[in-house]
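Novice: The sequence shown begins at 6 in the working numbering and counts up by one.
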Amino acid sequence: MSVFKIVKSLEDMDFKNTFNPYYERCQHHDAEDAPELRRYFLTEILMKAADSDLDAIWVGRDLGYRGGRRTGLALTDDIHLHDHLKRWGLETMRPSFGKPVAERTASVIWDILSRIDAPVFLWNVFPLHPFLEGDPFSNRAHNARERRAGSKILKMIVEYLKPNRIIAIGNDAYNATSREFPKHSVIKVRHPSYGGQADFVSRMQFIYGCAESSDLLL
Numbered sequence: 006m007s008v009f010k011i012v013k014s015l016e017d018m019d020f021k022n023t024f025n026p027y028y029e030r031c032q033h034h035d036a037e038d039a040p041e042l043r044r045y046f047l048t049e050i051l052m053k054a055a056d057s058d059l060d061a062i063w064v065g066r067d068l069g070y071r072g073g074r075r076t077g078l079a080l081t082d083d084i085h086l087h088d089h090l091k092r093w094g095l096e097t098m099r100p101s102f103g104k105p106v107a108e109r110t111a112s113v114i115w116d117i118l119s120r121i122d123a124p125v126f127l128w129n130v131f132p133l134h135p136f137l138e139g140d141p142f143s144n145r146a147h148n149a150r151e152r153r154a155g156s157k158i159l160k161m162i163v164e165y166l167k168p169n170r171i172i173a174i175g176n177d178a179y180n181a182t183s184r185e186f187p188k189h190s191v192i193k194v195r196h197p198s199y200g201g202q203a204d205f206v207s208r209m210q211f212i213y214g215c216a217e218s219s220d221l222l223l
């Protein structure tokens, strides 16, 4: 499996009412070279993760309009882009412009990651941003056709990175990953949104044995 095949497969994905940050440029928020920059970061992180003893791939559902749509990195908003890139030894360059935008889920994810030394790769079942028809700055759940396409990419990434385990964040992520991989290799945790933040934090602290943070807004 080649990292360039993975990224090219992502770049070629095209579905109605979705935004593909690896080849599309948002005229409202993106820098001129945003798609190229997002492909570059993803390629570098994939190669560095493949060279590590990767503890886990954390898998969410899909990109959100306040997070991965802008950064091209799963579970990562503008606020935590620097943390994500620094974790893999990369210099920070924002694909978007203007005031950095925060995403609540990303904030919870990165509070936990800030206390974990083990190498972790972040991804989603569906790697694009699905939105409601007529409203590109909204979020919707991906559909079955999109899930099947996303699962093919996820299998390519797992084959390339060979993680020790997969941590599925939320029911949608668990249902998709448990269809594709042995259940003993997939750990389910609750998604931190919709009242699940305390359960998510507690479970992750148990899995990784990391200290509790006083900064979390539970």
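Think of the CB as a built atom: it goes at the ideal place given N, C-alpha and C, for glycine as much as any other residue.
To the nearest angstrom, how far is it from the Cα of Leu-42 to the Cα of Tyr-28?
Specialist: The straight-line gap from Cα to Cα measures roughly 10 Å.
Novice: Going by C-alpha distance, which of Ser-198, Ser-156, Lys-13 is nearest Tyr-45?
Specialist: Closest option to Tyr-45, Cα to Cα, is Lys-13.
Novice: Curious, which full-length alpha helix (DSSP H) runs of at least 4 residues does the region 42 to 111 contain?
Specialist: Segments of the alpha helix (DSSP H) lying fully in the region 42 to 111: 73 to 76, 83 to 92.
Novice: Give every residue of the same chain whose Cβ lies closer than 8 Å to the Cβ of Gly-94, excluding the five residues on either side of it in the sequence, and list them in chain order.
Specialist: Excluding residues within five positions, the ones whose Cβ falls inside 8 Å are Lys-53.
Novice: With a threshold of 8 Å on Cβ separation, who are the neighbours of Asn-22 within its own chain once the five nearest residues in sequence on each side are excluded?
Specialist: Excluding sequence neighbours, Asn-22 sits near Pro-135, Phe-136, Leu-137, Glu-138, Arg-145.
Novice: With DSSP run on the structure shown, which of helix, strand or coil describes Leu-132?
Specialist: Note that residue 132 is Pro in the sequence shown here, rather than Leu. It is coil, neither helix nor strand.
Novice: Between the Cα of Ile-50 and those of Ser-101, Arg-30, Leu-133, Thr-97, spot the shortest distance and give me the residue it belongs to.
Specialist: Taking only the C-alpha atoms, the option nearest Ile-50 is Thr-97.
Novice: Please list, in chain order, all residues of the same chain as Thr-110 whose beta carbon is under 8 Å from its beta carbon, the five residues on each side excluded.
Specialist: Result list for Thr-110: Gly-65, Gly-69, Gly-72, Leu-80, His-196, Pro-197, Ser-198, in chain order.
Novice: Give, in chain order, every unbroken run of the beta strand (DSSP E) that is at least 3 residues long and sits entirely within the region 108 to 177.
Specialist: Entirely contained in the region 108 to 177, the beta strand (DSSP E) runs reaching 3 residues are, in chain order, 125 to 131, 170 to 174.
Novice: Hey, would you say Pro-187 sits closer than 9 Å to Leu-59, going by beta carbons?
Specialist: Going by C-beta atoms, Pro-187 is not nearer than 9 Å to Leu-59.
Novice: For Asp-17 and Arg-92, what's the separation of their Cα atoms in angstroms?
Specialist: Straight-line Cα distance between these residues: approximately 28 Å.
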